[in-house]
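Converting from the sequence shown to this note's numbering requires adding 4 to each position, the first position being numbered 1.
For glycine and all other residues, C-beta sits at the position ideal for the given N, C-alpha and C.
The structure appears right after this line, and notes come after that.
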Amino acid sequence: MKSVVNKVQLGEVDAGFVYVTDVTTAVTSKVKMITIPDNFNVIAQYPIAVTKSSAHASDAQAFVQYVLSSPGQDVLQQYHFIVLNP
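See the structure below:
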């Protein structure tokens, strides 16, 4: 578990800033999420690619294709990631 979320959940701190993806279903009932307005928020970007030196390039490419597919995007959305085509 992410340490800031853990400290909030345990009551060791009153609040903390975390990525929305750090607040998992295991803790959503124990913490209160407050959305930061867009004009103050920073959106993290997560590039995805297969490295040239990959020992398992075909498996890596299949994973990338899955992540970019509709089912893969559904999984990301379940974990609060911003998807490519919401």
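7 Å Cβ shell around residue i - same chain, five flanking residues per side excluded
i	result
Y70	G76
A19	V12
Reduced DSSP category for residue i - H, G, I as helix; E, B as strand; rest coil
i	result
F21	coil
P75	helix
Y70	helix
N43	helix
Q82	helix
S57	coil
S62	helix
Start-to-end residues for the alpha helix (DSSP H) that takes in residue i
i	result
V9	S7 to Q13
Spatial neighbours of residue i in its chain, beta-carbon cut-off 6 Å, leaving aside the 5 residues before and after
i	result
V35	V12 and Q13
H84	V24 and T25
Beta-carbon proximity list for residue i, same chain, < 8 Å, skipping 5 on both sides
i	result
V68	I52, A53 and V54
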